[in-house]
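The block underneath contains the structure these notes are about, expressed in structure tokens.
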Amino acid sequence: MTDRTPAEIHATKFIAEPMTVSDLGDVMAIERLSFSSPWSERAYRFEIEQNENSVMLVVRPAFPQSLWDQIRGRAGVRSPVLGYGGLWLLVDEAHISTIAVHPQWRSKGLGELVMLSLLEQGMKRGMQRATLE
């Protein structure tokens, strides 16, 4: 048995990192597959670029960049987004605003990784409690 937490176990295969504008193509594809009333790309742009109280994360495979890819000029090419989530921090309370995982990647613990990563980021910013919108 291992003493590692689920987030630490998943972290060996997947990474959670801040969402960027370059992730929006993948995010919007998952958004449309997951929700009957999806957020717009404009809404995500606002959360990433302008909302100081927003934390937006993506989860992707943690493929290490190979030396061959670096030589061939593909350094910095990131693996696809498999899931994402966001929260709004209002004073000391985090409101989970969105969370989704691509249908083909569900039931593999990625939603849990997104949620734990969001809560960790909220705690770093002074969160005392969280709610799911």
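Numbered by our numbering, the letters in the sequence shown go through residues 465 to 597 in order. For every residue, glycine included, the Cβ atom is placed at its ideal position computed from N, Cα and C. Owing to the predicted nature of the structure, the values given are computational and were not obtained by experimental measurement.
- Message: Quick check: what's the CA-CA separation for TRP552 versus LEU497?
- Response: 23 angstroms
- Task: Within 10 angstroms of the Cβ of THR595, are there 16 or more other Cβ atoms? Answer buried if so, exposed if not.
- Result: exposed
- Where ARG593 falls, given that 16 or more other Cβ within 10 Å makes a residue buried: exposed
- Taking DSSP as the reference, what is the three-state secondary structure of GLU557? strand
- For MET520, the residue or residues it bridges with in DSSP: GLY550
- Query: Who does GLU576 pair with in a DSSP beta bridge?
  - Reply: In the DSSP output, where bridge partners are listed per residue, GLU576 has none listed.
- Would you call the CB atoms of LEU546 and PRO525 closer than 8 angstroms? yes
- Message: Just to confirm the assignment, what range does the alpha helix (DSSP H) spanning GLU513 have?
- Response: 505-513
- Query: Does the beta-carbon of ASP556 have 16 or more other beta-carbons within 10 angstroms, so that it is buried, or is it exposed?
  - Reply: exposed
- Through-space distance from PRO544 to TRP569, alpha-carbon basis: 12 angstroms
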